[in-house]
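This report concerns only the one structure given below.
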Amino acid sequence: MQTSTLTPPRVDRHAYLVQLLSQRLDVDETRLDGATLAWLKELRHQAVAQLQTATLPTQRDEDWRFTDLSSLLAVDFEAAQPNLEAIAPEALTQYDVPEAIAQLVFVDGIYAPTLSTLGELPAAVTVGSLLEVAPRLGDRLPTYLAQQTVGQDVFATLNTAGLQDAAIIWAGKNQAIAQPIHVLYLSRGDRPSFSQPRCLVVAEPNSALTLVETFACLDAGTYLSNSVTEIWVEENAGVNHVRLQQDSETAFHLSRTVVNQARSARYRVHDISLGAALSRRNLDVFHSGEQVETLMNGLTMIQGKQVADTHSLINYAKPYGSSRQLHKCIVDDKAHTIFNGRVNVPQAAQLTDAAQLNRCLLLSPKARVDTKPQLEIVADNVKCTHGATVSQLEADEVFYLQSRGIDAESAQSLLIYAFAFEILGKIPVESVQKRLSQFVSAHAR
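Take the sequence shown: its position 330, counting from 1, is numbered 339 in my numbering, and each next residue is one higher.
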């Protein structure tokens, strides 16, 4: 009997990238002054030039060793062009953050002013879409926008090449905003569509703000979201960042957040990944000043055949910096999670205090975890630790709860919830914490 092996057709990755590049939409020139338009066009042009010789990564690239993009390359995406008028405000209520003083809504990367709300913001605080606020910010925008993603990966460059609008959150000097600012990125999955959300956050010296980013879907279909968020935390400023990825389980989610912290700046992020068939999350934090504090809490909870890949970097450059990172993964069925966390401590970063831990909970014998914490230290007077654990539910703990009258299924759910709540319980926005807690309770078994 003759047998044959089916081999998936090889995709030209450069041609695929060019096809994605061709899907970028033009800028609405009628809404920008000449100087801003010229600057934005030049920015896009430079990114396009960088992509002329680029290609999409393969598993032969160390950073993509565990993540196969074949399922992404099998889909032909078209630029998303949503009909904003067809979206009822009621469809967004499930993602509302009632505490927020402002909520910006982007649908398939397009700003939706009729679905957005702005409260009474201080005069020195600017919140809005790039096309709206560019005249107000003037020549300060080019100093920050796209300056941290120069030379970054091909997907971040692709985002810049297609940059047509962005969410802008800008806190002036000495401005402390107590209420969070919510940016909601919605995707529609009615056809294989491609969108590139963008966000810029600037916290000027001695300011403070809380940003909530939510990535979600209106239709449970197939789409590609390629997002970039840049955050500048200037001297003695503070940014609390809550990021929730809850895309369709047949979607593809690629994202990069780049953070720059000046002297005595504080950045805290709570990064939650729940959705997408394939997600790739990059979080890079750069310490450019002394006495910087960074807190990175993360939770990945996936099931089915989902793949979630998280790469983080904390790059020290000055003395007296500190960071704490705890990333947890809950993996069920045949899902696969990857964690790669790197901490760089060069000679100049003396008296650094860094700790990193990845903890993974496997709920199925076919679930898979690949974890790789990395600590690269050159300085000789530092305090640095890192580690990783992979475990299953402890039979003794389940038995203990059963001995207190709790059935086996409820005992397992309680233990899973407790594992996740170490992250969820620290989210500083109550409504988000409550919504996520309900999600975990419903999906824990």
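Each residue gets a CB set at the ideal place from its N, CA and C atoms; glycine is no exception. Quick caveat: nothing in here was measured; it's all calculated off a predicted structure.
Buried or exposed: residue i, going by 16 or more other Cβ atoms within 10 Å of its Cβ?
| i | result |
| --- | --- |
| R145 | exposed |
| N222 | It is worth fixing the name first, because residue 222 is Glu in this sequence and not Asn. By the neighbour-count rule (16 or more Cβ atoms within 10 Å), E222 is buried. |
| G43 | exposed |
| G434 | exposed |
| Y194 | buried |
| D148 | exposed |
| Q90 | exposed |
| A3 | No information on residue 3 is available, as it lies outside the stretch 10 to 454 that the chain covers here. |
| N92 | exposed |
| G128 | exposed |
| Q447 | exposed |
| A427 | exposed |
| V117 | According to the sequence as given, residue 117 is Asp; it is not Val. By the 10 Å Cβ count, D117 comes out buried. |
| S196 | buried |
| F408 | exposed |
| G455 | Since the first residue shown for the chain is 10 and the last is 454, residue 455 is missing from the structure and cannot be characterised. |
| G307 | buried |
Express the C-alpha separation of residue j and residue i in angstroms, rounding to a whole number.
| i | j | result |
| --- | --- | --- |
| A229 | M310 | 18 angstroms |
| C226 | Q255 | 8 angstroms |
| C208 | R265 | 11 angstroms |
| E299 | S257 | 41 angstroms |
| G350 | R74 | 14 angstroms |
| Q11 | E71 | With a pLDDT of 48 at Q11, under the threshold of 50, the modelled position of this residue cannot be trusted, and the question is left open. |
| L287 | R377 | 14 angstroms |
| V142 | V136 | 8 angstroms |
| R386 | E244 | Checking the sequence shown, residue 386 turns out to be Ile, not Arg. Going by the C-alpha atoms only, they are around 25 angstroms apart. |
| K443 | L423 | 16 angstroms |
| V210 | S236 | 14 angstroms |
| A132 | I432 | 35 angstroms |
| Q32 | S204 | 9 angstroms |
| D174 | R53 | 12 angstroms |
| N324 | L154 | 20 angstroms |
| Q55 | L172 | 12 angstroms |
| H262 | K337 | 19 angstroms |
| P206 | V278 | 19 angstroms |
| T39 | A47 | 13 angstroms |
| D35 | I281 | 32 angstroms |
| A246 | T219 | 11 angstroms |
| L366 | L445 | 22 angstroms |
Which residues bound the alpha helix (DSSP H) around residue i?
| i | result |
| --- | --- |
| T135 | First-last for T135: V134 to S138, but that is the beta strand (DSSP E), not the alpha helix (DSSP H). |
| T64 | Counting along the chain, T64 falls outside any alpha helix (DSSP H), and DSSP gives it neither H nor E. |
| K337 | Segment S331 to V340 is the beta strand (DSSP E) holding K337; no alpha helix (DSSP H) there. |
| P382 | Not the alpha helix (DSSP H): P382 falls in the beta strand (DSSP E), residues R377 to I386. |
| D405 | A404 to Q411 |
| N168 | V163 to A170 |
| L150 | L150 to Y153 |
| F448 | E439 to H452 |
| T26 | The sequence shown places Leu at residue 26, not Thr. Per DSSP, L26 belongs to the alpha helix (DSSP H) from R22 to S31. |
State the start and end residues of the unbroken beta strand (DSSP E) segment that holds residue i.
| i | result |
| --- | --- |
| R200 | Here R200 belongs to no beta strand (DSSP E), and DSSP marks it neither H nor E. |
| A7 | Residue 7 falls outside the range modelled here, since the chain spans only 10 to 454, and no answer is possible. |
| K182 | It is not in any beta strand (DSSP E) - K182 carries neither H nor E in the DSSP assignment. |
| A225 | A217 to C226 |
| L81 | Taken as a continuous stretch (DSSP letters only), L81 belongs to no beta strand (DSSP E), being part of the alpha helix (DSSP H) at S79 to L82. |
| Y104 | Looking at the DSSP string, Y104 is not in any beta strand (DSSP E), and its letter there is neither H nor E. |
| S400 | K392 to Q401 |
| E302 | E302 to I311 |
Using CA coordinates, which residue listed in the options is at the minimum distance from residue i?
| i | options | result |
| --- | --- | --- |
| L372 | E87, I240 and A453 | A453 |
| T62 | T166, T126 and Y104 | T166 |
| A341 | Q334, S400, D293 and G118 | According to the sequence displayed, residue 341 carries Asp and not Ala. It is S400. |
| Q157 | A88, T126, L292 and I110 | L292 |
| I240 | R69, L113, S234 and A271 | A271 |
| V301 | P328, V316 and H320 | P328 |
| A58 | L26, L46 and Y232 | L26 |
| A95 | A344, L124, A109 and E385 | L124 |
| A357 | A326, V294 and S332 | A326 |
| S79 | Q90, T67, Q28 and A88 | T67 |
| N353 | H395, L384 and A155 | L384 |
| D199 | D362, L233 and H279 | L233 |
| P437 | L140, N249 and G128 | N249 |
| V106 | L253, D362 and Q365 | L253 |
| T45 | P151, G284, L29 and A427 | P151 |
| T346 | A317, L402, F408 and G181 | A317 |
| A212 | F348, D162 and W179 | W179 |
| P98 | L263, N269 and F115 | F115 |
| Q103 | K343, V441 and Q28 | V441 |
| T64 | C393, Q28 and R197 | Q28 |
| G284 | N269, T303, Q312 and S273 | Q312 |
| P374 | N390, K343 and T169 | K343 |
| T126 | E418, I415 and Q112 | Q112 |
| L140 | F86, C393, L41 and S450 | L41 |
With a threshold of 7 angstroms between beta-carbons, can residue i be considered close to chain B, or not?
| i | result |
| --- | --- |
| A180 | In summary, chain B is missing from the structure at hand, where a single protein chain is found. |
To test your reading of the DSSP string, which unbroken beta strand (DSSP E) runs of 3 or more residues are found completely within the stretch 232 to 287?
232 to 242, 247 to 254, 261 to 270 and 275 to 282
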